[in-house]
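Here's the structure, in structure tokens; my notes come after.
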Amino acid sequence: MDDKDLIKRAESELRDAYDYDARDPLFGLSKDDMRGNKMSRRTTLRLLAAGGALTMAQVLPGLRPTKAMAAAHAGGELNCAWAGVGEIVTLDPAQIGQVLQFQIASNIYGGLMHIDNNLVAQGDLAESWEVSEDGLEYTIKLREGVTFHNGDAFNADDVEFTFNRSSDPEQSRHSRVIGNVAELQKLNDFEVKFVLKQPQASFLTKALERSSGRAMTIVSRGGLEALGLAQYGLTPIGTGPYQVTEHVLGQGVVLEKFADYYDPERPKIDKITIQPVDGVEPLAAAIEAGDIQYVGGNPVPTQLVSRFESNPDLVVDIKPGPGFQSIWINPWHEAMLVTDFDKPVEELKKEKGFMVRLAIAKALDRDLFVQQGRFGYGVPAHGTINPAMGYFFDDALATASEQAFDPEGAKALMAEAGYPGGAGFPELKLQTTPNTKRDGQVVANILKQVLGITVLVDPKDFSIGIEEFNKMDFDLRLGGSGGDYDPDDGLVDWMQTASKFNGPDRDKDAMPFGFWSEAESDTAVEAQSVTADPAARRELVQKANAITSNKVACGFLYHPVDVLVHSTSVIVPEDARIPGLHELDRISLA
Amino acid sequence: MMSDISAQEQVLDVPDMAPPKSRLRSAFARDRKAQVGLFILGFFVLAAVFAPLIAPFDPNEMTLDMMGRPSGEHWLGTDDLGRDLLSRIIWGTQISLFVGISTVALALVAGVTLGVVAGYYGGWIDNIIMRYIDLQWAFPNFIIAVYLVAVFGTGLLNVIVAIALAFLDDFARIARSMVLTLKEEQFVDAARVQGFSDARIMFRHILPNALAPIIVQATVSVSYAILGEASLSFLGLGVGPNTPTWGLILADGRSFISQAWWLGVYPGLAIMLVVLSINFVGDGLRDALDVRDTGA
Amino acid sequence: MAQPFLRIEGVSVHFPVRKGLLQRQVAEVKAVENVSLSLNRGEAFGLVGESGCGKTTLARTVLRLVNATEGAIWFDGQNITELKGAALAPYRKRVAAVFQDPFSSLNPRMKAGAIIAEVLKVHQYSGNVNARVIELLGLCGLSDRFADLYPHQMSGGQRQRVGIARALSIEPDLIVCDEAVSALDVSIQAQIINLLEDLRVRLNLTYLFIGHDLSIVRHLCDRVAVMYLGRVMETATSEELFDNPQHPYTRALIDAVPNPDPLAEAGREHVALKGEVPSPLDPPKGCVFHPRCPIAMEVCRTVEPSLDILTPGHSAACHAASPPQTN
Amino acid sequence: MASYILRRLVGSALVMLAVATLVFFMIRLVPGDPIAAMLADSGSPEAREAMIRKLGLDQPLIVQFWKWFTNMLQGDLGASIYGNNQPVTTIILEALPRTLSLAFLSFVIALVIAIPAGILSATRKNSATDNAVSLFAFLGLSMPDFWLAILLIIVFAANLQWLPAIGYEPLSAGFWPWFSHLILPSIAIGTGFSAIIARMIRSSMLEVMQADYMRTAASKGLTVRVQMLRHAFPNALIPVVTVIGIAFALLISGAVVVENVFAIKGLGRVLIQGIQNRDYPVVQGAVLVVSAFFVLSNLAVDLLYAVIDPRIRYS
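These protein sequence lines are chains E, C, B and Y, in that order.
With the first sequence counted from 1, adding 914 to any position gets you this note's numbering.
With the second sequence counted from 1, adding 344 to any position gets you this note's numbering.
With the third sequence counted from 1, adding 287 to any position gets you this note's numbering.
With the fourth sequence counted from 1, adding 11 to any position gets you this note's numbering.
This is the structure we're talking about:
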């Protein structure tokens, strides 16, 4: 099948997935579609669409690396590096706050559901499930004969225990994830029923998912009791394909094949050592020396990518990354003051503060930035909607947006605002994290070159930076989002007046909103969340996206790419390539 | 009857008791190592002073010639952002030497003042100051500096103050022990009898006589301060990303050195040469001023 | 009788000895114990005794370098033991000192001229400082080239002259000479003694002269006090003391002075003192001198003798002291 | 002697108490909000409240201090704010063998280099060997340890691929895994230290060689080698002992940076990460332990000094 056919098929599948009445609790599916032990592709796509989690990228099978792969066999040992981190602080689902942690935990625990490489939820410890007509009751039949690593048998009590633990904010950070559950009923030892407060299409894919969901990742009662909370965080007991045999903070995690895993086909590799590696050169040295055969954790530093690509012993697999990075511009800063975005752009353009904002955004030479800052690995951004979202991504925005790169226009705006050539403009601080300092320097240089203004890069530890960002105590800040698979992730989390990142700790008397508030885009963002029709939703998404771009909610900078690096001796099958996750139980050694 | 009470008019001529300055000069004239040190140091000082004139490029000017090999245009190559490494190192000399010297100047003034006051007055003042110094003695200097930068935040001034505070106890200790000895000298009694103020006695009479070991300590401390700044910058606790310092150039280059060895080699070499030359000079001073090696 | 120029009245100086973790005071060194003396204006008063007898501490008390534990010192009608800070300045301006060690008493980092000039400047001398420095040096027999010399470029005698010039610079009334010549060669000593004598006459100075060399004290001083273990044993005019010593300790000291005539010296018999000076931490009971005294009696072990006036101007603290013989 | 030891012990304990107090309040001056950092992804106010309550951060500072202080006296240093609240004692006990292994190996390397170098340069004073040793010593003193660390990684790990670039293996995993992970960082730290010891051995050997008993030894017709090794060297070691105290400071300081380069989670890295994360209990614990080591090693050196050198007496 060539690419054209692929895309055609994907488009029709997408249309079909979204073709239902938004008020229909079963999303155009019959009861039969919803029950069973494996959902059809159509059912899962439709569920995803209803949950707001379906994108073009998921419908399209990923591009495979071209290097030849040797034949796989079971057994052997694998050394992994977890990049950009000094230690794996916790593996307790209730406490996990970082992607790089649940990347590992997902291989240790079972959950009721687990997404596959199409980001569609499949039964894990749930053998089959049924949804009531009103979409409020999920009856789940549990897999029998599953044991925990410590030998305890898994049953409905464990589901109940996990649910109670995750519902308690004192014990878990993820109580919000299952906030829509009114009640969990144990029907018998291997059957439970979730009663929801209101229909939730994403219930299976988000709330019950074992890796990113975390709330219903099944923990072991016996294990917690025997080990204590602190030790459980290091060497947890789960029902997953791998068990932790050793974990010393700062030294790494040793995973060994769990012999009694319910799927006899998995895992394939006997022993996996995961070593946290902070620092670029040690990572490169370890990979090139062959000490490390697989890299997980934080994204591989971009300066190494081309070098790894030219290494015949390594496989580098690049996919569009689901995220965006921006220059956040404080509208309450005197020189960039905008107190009200609810005006037509032409009107806004008459305000000095807005002129400066727009000038900064217009001055961002995103191509140069990607080339210099990201060594060519990245995509210029003009909104939160990223190319991984395929269908929703707006190619035209790159030229149509008010904030499209335009050095002359930017200079003119600065001059009009009273700062010709940057003269008289105050020095600004650009807050970054220590890791994004370099990106900040490139941005500062671009702003200096184009606008003649002085921007000082100010790297701050994340703990300080986030505090200042939440308080709206910054001039400019470099930051953004990752793991955005759906328009909601970027728009709802960042681009609404009520967004959770929109200056939650600011002085609310002095600053009625955080970095951004605009009625028209608020309405569009809310509408797209509940709009099922893909074309209509795309229109709303792109409308909101365009408003945030034109009125400069921030200066959008770039979308990252997702890079997987491993040795040619490691075989990563198609079904193990879930963006952002590492299915260690499906990979094998040549 | 003035004649019979007048002294011999002959002035004693004792060559080995020449004034300290010329003693120093003659000691240095014999010390090859110290000469080499002074020469290298002079070279770097000139580079620092004339940085704007001799640096071939703007040290912060980025180009797309990233990680360019050393060439006729860029003698030491370019860094990961396409900036000229030579120019950055030349400008870095300015900052590194400034940090080294101003840190020690600050530590010296504060530490010596504390030490002199403690030693001169004794009693409860001495007790308070020395308990504080003991407390500081309980931490390795570098740990103190790391901690203080964390408290104050990064930046040139903060780094200088943090390192200076970390070094303060060394100067205080040396000054105090010198004062305790010198306090017993009769010229101090003489000064008190003449009604000189305590400040005048401490700083005009006692201190100048206590300078030799303090100068030696100061020299050595400059090198430690330069290394300290480099280490702090390396940990991301340094002067800040907008100022090229050697430690920062190394820290920034750290992620690229296997692709661009020059980023790892030259700034380190600059640090080493300057520290080496300061150590040479310090060693010469130690010999010339006859100060015992404290080892620290 | 006119009020004495300097009156030392029952002065004691004790130094605490601290030990242990809490630095508790465990003992006291009684360096000076209940000493009373008076000096008249224009007089040269000698204070003699072995080293460690407290004479230097007493001198330092007079100079307010140490504080008296008890008692008072009156200078020209004013109690100077109470003065502090700025109130002390007028006293400092009238009292100067010449120290024992000419090597240590001059700041090695300063030229002679600067050393003297500094005093003038601190006391806000109104005239031409440089000229005054030259004048003072000249007064002490040093030519003006000495102003540009560092102490280590001068001989001991020259340095001591600088020290004297410095003392004179404030035009003092009282000069305390603490062993001012003992560190010098004999020939230089004579020069300095002559200088001091000459200056006293010319400038109407009062001297408190501390020394252990009895012959120098006898030559220079009008009156003398003998100290032992912090106490005054005997005081009298020079002539009286040396001709008619009443205290066995004074006699032993005088006896120890070698006769300048070697022949006479050879045939002379010494009354050697037994034992060592006891520790001032724990002075003997009764008369502090009794363990070493050749004529100690039973009473000496228990009762401390008071400093009784034997004849006008001659006092001694000895149970065995006899009234003056009248030949 | 006993009262001297007691006095020093009590004094050290007082210093430690003061350190503890200072550290507790100082870290709270550091700007930054650990809770915000931790909950950045969920951002729910009730989770935040719960977290603050759980960590006791809602109580008055003085109450927090008293709790921490009294627990500390019982050996409980509290728990990390992050993850599953690992006890700080556990974190430190895990880090300690790494730092101590590193310190020990660095020390051995330093001695292996410094002793022959120091003896050689002393016995052949002013020779080419002496000059070479002296130059080496100066270079060792002048080279930033982290720079050396990077160069070592480039040469031995990346290019020659003889040794692992990063990480740590405990001794229980076998000698070679332990040794191969530690050798590069140990060289990075030990080189500067060996320079100091070599200089010290040289100068104290020279001093000892001029002493009377050396002349006696020479007059007895002992060979130069025997003179050096049996008589001069042991006596020359005395001042070197003081360096061991300084060694700890150097090793800890060096370890902070070098552990960072080699991704070894020793005490130094625990401290730096604690500071970066604003993990108050961890920073408090780590600083306390570092300074305890420092104070105690100084104390040990003073006492050792008294044992080695019979001339020194303490009352």
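Yeah, the Cβ is synthetic: ideal placement off N, Cα and C, and Gly gets one too.
Taking a cut-off of 8 Å on C-beta distances, the segment 187-201 of chain Y touches the segment 103-116 of chain Y, as three or more cross pairs fall below it. Nearest C-alpha to Asp1308 of chain E among E:Pro1258, E:Glu1453, E:Glu1160, E:Ala1249: E:Glu1453. The beta-bridge partner set that DSSP reports for Met1027 of chain E consists of E:Gly1037, E:Glu1123. Residue B:Phe292 holds the alpha-carbon nearest to the alpha-carbon of Leu326 of chain B among B:Val298, B:Ala373, B:Phe292, B:Arg448.
Contact with chain C is absent for Val219 of chain Y, since none of that chain's Cβ atoms lies less than 8 Å from the residue's Cβ.
Between the alpha carbons of Thr1313 of chain E and Arg59 of chain Y lies a gap of roughly 42 Å. Distance between Gln1114 of chain E and Asp1048 of chain E, taken at the CA atoms: about 11 Å. Listed along the chain, the chain Y residues whose CB falls inside 7 Å of the CB of Glu1202 of chain E are Ala169.
In the structure shown, Ile1010 of chain E falls within a coil segment according to DSSP collapsed to helix, strand and coil. Rounded to whole angstroms, the separation of the alpha carbons of Asp514 of chain C and Pro377 of chain B is 40 Å. The alpha-carbon separation between Cys587 of chain B and Met520 of chain B amounts to approximately 13 Å. Residue pairing of Met514 of chain B in beta bridges, as defined by DSSP: B:Val519.
In this structure, B:Asn321 is the residue among B:Asn321, B:Met584, B:Ile462, B:Leu429 with its C-alpha nearest to the C-alpha of Gly341 of chain B. The DSSP-derived three-state label of Gly463 of chain C is helix. Excluding the 5 residues flanking it on each side, Leu483 of chain B has no same chain C-beta neighbour closer than 6 Å. Not one beta carbon of chain E lies nearer than 8 Å to the beta carbon of Asn82 of chain Y.
Ranked by how close their Cα comes to the Cα of Ile1241 of chain E, the residues E:Leu1390, E:Ala1358, E:Ala1302 have E:Leu1390 in first place. Counting of Cβ neighbours within 10 angstroms places Ile475 of chain B among the buried residues, the total reaching 16 or more. Listed along chain C are Gly539, each with a C-beta nearer than 8 Å to that of Lys380 of chain B.
In the three-state reduction of the DSSP assignment, Cys580 of chain B falls in the coil class. One thing to note: Lys1107 of chain E has its Cβ within 8 Å of the Cβ of Glu1051 of chain E.
Residues of chain E with a Cβ closer than 8 Å to the Cβ of Asp424 of chain C are, in chain order, Gln1217, Arg1352. No residue range can be given for Gln70 of chain Y, since it is assigned to no beta strand (DSSP E) and is classified by DSSP as neither H nor E.
For Phe496 of chain C, the enclosing alpha helix (DSSP H) has its first and last residue at 485-496. Within chain Y, no C-beta atom comes less than 8 Å from the C-beta of Pro1213 of chain E; the nearest is roughly 17 Å away.
Looking from the CA of Leu607 of chain C, the closest CA among Y:Ile208, Y:Ile161, Y:Ala258 belongs to Y:Ile161. Only residues of its own chain outside the window of five on either side were considered, and among them Gly443, Gly444 have a CB closer than 8 Å to the CB of Asp472 of chain B, listed in chain order. At least 8 Å separates the beta-carbon of Gly459 of chain C from that of Val505 of chain C.
Between Val1270 of chain E and Tyr1472 of chain E, the CB-CB gap reaches or exceeds 8 Å. DSSP places Lys1107 of chain E in the uninterrupted beta strand (DSSP E) bounded by 1105-1110. For Gln530 of chain C, the enclosing alpha helix (DSSP H) begins and ends at 530-537. Residues of chain Y whose Cβ lies closer than 8 Å to the Cβ of Asp1205 of chain E are, in chain order, Pro175, Ala176. Pro1258 of chain E has a beta carbon lying at 8 Å or more from every beta carbon in chain Y. Of all residues in the segment 596-617 of chain C, only Asp596, Arg598, Ser599, Phe600, Ile601, Ser602, Gln603, Gly608 come within less than 9 Å of chain E when Cβ atoms are compared, listed by chain position. Residue range 357-362 is occupied by the beta strand (DSSP E) that includes Trp361 of chain B. Against chain B, a Cβ distance below 8 Å from Asp533 of chain C picks out Arg347, Leu350, Leu352, Ala384, Phe386, Ser392.
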